[in-house]
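Chains as they are written, first to last, in the numbering used here: chain H, 113 to 227; chain C, 12 to 128.
A virtual CB, placed ideally from N, CA and C, is assigned to each residue, including glycine.
The structure displayed is predicted, hence computed values, not measured ones.
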Amino acid sequence: DAKTTQPNSMESNEEEPVHLPCNHSTISGTDYIHWYRQLPSQGPEYVIHGLTSNVNNRMASLAIAEDRKSSTLILHRATLRDAAVYYCILRDPLEANFGNEKLTFGTGTRLTIIP
Amino acid sequence: DGGITQSPKYLFRKEGQNVTLSCEQNLNHDAMYWYRQDPGQGLRLIYYSQIVNDFQKGDIAEGYSVSREKKESFPLTVTSAQKNPTAFYLCASSIWTGGGSGADTQYFGPGTRLTVL
């Protein structure tokens with residue numbers, strides 16, 4: 113599996129934008145980039161995913177570098193409810209084709225929002 | 012509301028006892044998964060099932076068993092053979108596209124925190 117590298121922790125002020133980085137230098141051409149987040153004592157929650165182009169949804173934006181070796185999850189205006197562990201995960205459809213549908217979670221980035 | 016339910020939220024058992032964790036979904040998803048999370052760690056896959064009456068071992072299946080008799084249900088049994096069963100257990104489901112797209116997302120339940128005394 114291609115690996116991802118994220119900072120262990122980040123802090124941001126409430127109502128300011130947050131940029132969460134993820135490095136994936138060994139990404140293959142078919143890997144999708146997924147982001148999930150996990151609030152304290154809850155199950156993970158899907159945030160966003162993309163392949164090559166930048167993506168936007170109601171929760172966040174995903175900016176993917178041109179060489180795809182890194183990506184950034186952008187929360188446009190952080191609230192206290194965004195305090196969570198954010199996971200950057202690569203998913204290979206070729207692996208999925210052989211039944212390997214697992215999500216490989218690392219330790220993620222713990223985001224703290226300062227009021 | 013569609014979603015995944017896990018029960019109970021907290022579970023305490025004595026060492027050596029088998030225990031079954033419940034997972035139910037009404038999202039009409041074909042695929043279901045069980046993960047284990049230890050403090051400060053990411054999730055690790057225990058078992059997954061793509062269709063009824065079929066399931067596959069994940070990375071840490073030893074000491075666990077599952078069944079998939081109904082599409083909506085995927086119970087996990089933690090047996091006495093599991094050496095360190097105290098953990099946070101998470102169930103998830105997703106659409107199964109057969110060929111796998113890499114874009115499928117997984118929906119997680121609220122988790123069951125198991126403590127073995």
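**Item:** Paired residues, beta bridge with Q36 of chain C - DSSP
**Value:** The residue you call residue 36 of chain C lines up with position 25 of the second sequence. Answer by DSSP bridge pairing, in chain order: C:I15.
**Prompt:** At a cut of 8 Å, does the stretch 18 to 35 of chain C reach the stretch 130 to 148 of chain H through at least three beta carbon pairs?
**Reply:** no
**Message:** Just to confirm, is the Cβ distance from Y58 of chain C to V77 of chain C under 8 Å?
**Reply:** What you label residue 58 of chain C is simply residue 47 of the second sequence in a count that begins at 1. What you label residue 77 of chain C is simply residue 66 of the second sequence in a count that begins at 1. Contact flag set, yes.
**Item:** Check: S153 of chain H C-beta below 7 Å from any heavy atom of the ligand ADP
**Value:** By its list of ligands, the structure shown contains no ligand whatsoever, and the ligand ADP lies outside what it can speak to.
**Asked** Does any CB atom of chain C fall closer than 8 Å to the CB of P156 of chain H?
**Response** In the first sequence, residue 156 of chain H corresponds to position 44, counting from 1. Chain C contact via Cβ: present.
**Item:** Inter-residue spacing [alpha-carbon to alpha-carbon] between A175 of chain H and K181 of chain H
**Value:** Residue 175 of chain H sits at position 63 when you count from the first residue of the first sequence. Residue 181 of chain H sits at position 69 when you count from the first residue of the first sequence. Going by the C-alpha atoms only, they are around 11 Å apart.
**Message:** Just list the residues that DSSP pairs V30 of chain C with in beta bridges.
**Reply:** Locating residue 30 of chain C in the second sequence gives position 19, counting from the first residue. The partner list for V30 of chain C (beta bridge, DSSP) reads C:V89.
**Message:** Taking a contact to mean a Cβ-Cβ separation below 8 Å, would you say D194 of chain H touches T142 of chain H in this structure?
**Reply:** Position 82 of the first sequence, counted from the first residue, corresponds to residue 194 of chain H. Position 30 of the first sequence, counted from the first residue, corresponds to residue 142 of chain H. Not in contact: D194 of chain H and T142 of chain H (Cβ atoms no closer than 8 Å).
**Message:** Check for me: the beta strand (DSSP E) holding E80 of chain C runs from which residue to which?
**Reply:** To locate residue 80 of chain C, count along the second sequence from 1; it is residue 69. Taken as a continuous stretch (DSSP letters only), E80 of chain C belongs to no beta strand (DSSP E), as it is neither H nor E.
**Prompt:** Cα-Cα, which of C:D65, C:H40 and C:P96 is closest to L32 of chain C?
**Reply:** The sequence position of residue 32 of chain C within the second sequence is 21, counting from 1. Out of C:D65, C:H40 and C:P96, C:P96 has the C-alpha closest to the C-alpha of L32 of chain C.
**Request:** State the Cα-Cα distance for the pair N125 of chain H and R222 of chain H, rounded to the nearest angstrom.
**Result:** For the purposes of this step, residue 125 of chain H is taken as residue 13 along the first sequence, with counting starting at 1. For the purposes of this step, residue 222 of chain H is taken as residue 110 along the first sequence, with counting starting at 1. Answer to the nearest angstrom: the Cα atoms are 14 Å apart.
**Asked** Exposed or buried, which one is A103 of chain C when buried takes at least 16 other CB atoms within 10 Å?
**Response** What you label residue 103 of chain C is simply residue 92 of the second sequence in a count that begins at 1. With 16 or more Cβ atoms within 10 Å of its Cβ, A103 of chain C is classed as buried.
**Request:** Determine the direct distance from the alpha carbon of G74 of chain C to that of N29 of chain C, and round the result to whole angstroms.
**Result:** Numbered from 1 along the second sequence, position 18 holds the residue referred to as residue 29 of chain C. Numbered from 1 along the second sequence, position 63 holds the residue referred to as residue 74 of chain C. N29 of chain C and G74 of chain C: Cα-Cα distance of roughly 10 Å.
**Prompt:** L128 of chain C CB to nearest chain H CB: under 8 Å?
**Reply:** Your numbering for residue 128 of chain C matches position 117 in the second sequence. It does not; no Cβ of chain H falls within 8 Å.
**Asked** Is S183 of chain H buried or exposed, if buried means 16 or more other CB atoms sit within 10 Å of its CB?
**Response** For the purposes of this step, residue 183 of chain H is taken as the residue at position 71 of the first sequence. The residue is buried, with at least 16 neighbouring Cβ atoms inside 10 Å.
**Request:** Output the distance between the C-alpha atoms of A42 of chain C and G14 of chain C, rounded to the nearest integer angstrom.
**Result:** Translated into the one-based positions of the second sequence, residue 42 of chain C becomes position 31. Translated into the one-based positions of the second sequence, residue 14 of chain C becomes position 3. Looking at the two C-alpha atoms, the distance is approximately 14 Å.
**Asked** Between H131 of chain H and chain C, is there a C-beta pair that is closer than 8 Å?
**Response** Taking the first residue of the first sequence as 1, we reach residue 131 of chain H at position 19. Cβ-Cβ to chain C under 8 Å: no for H131 of chain H.
**Message:** Which of the three DSSP states is assigned to R180 of chain H in this structure?
**Reply:** In the first sequence, counting from the first residue as 1, residue 180 of chain H sits at position 68. Looking at R180 of chain H - three-state DSSP - the assignment turns out to be coil, as it is neither helix nor strand.
**Asked** Of the choices H:I201, H:T224, H:G218 and H:P227, whose alpha-carbon is the least far from that of I145 of chain H?
**Response** By 1-based counting over the first sequence, the position of residue 145 of chain H is 33. Per the Cα distances, H:I201.
**Option in C:R55, C:G51, C:G53 and C:K81 with minimal Cα separation from D171 of chain C** = Because chain C spans 12 through 128 in this model, residue 171 of chain C falls outside it and cannot be assessed.
**Message:** Please tell me whether Y198 of chain H has its Cβ less than 8 Å away from any Cβ of chain C.
**Reply:** As a first step, residue 198 of chain H is located in the first sequence; it is residue number 86 there, counting from the start. It does not; no Cβ of chain C falls within 8 Å.
**Request:** Determine which residues share a DSSP beta bridge with A98 of chain C and list them.
**Result:** For the purposes of this step, residue 98 of chain C is taken as the residue at position 87 of the second sequence. BP columns for A98 of chain C point to C:L125.
**Asked** Roughly how many whole angstroms lie between the Cα atoms of G69 of chain C and V167 of chain H?
**Response** Within the second sequence, residue 69 of chain C is the residue found at index 58, counting from 1. Within the first sequence, residue 167 of chain H is the residue found at index 55, counting from 1. The straight-line gap from Cα to Cα measures roughly 31 Å.
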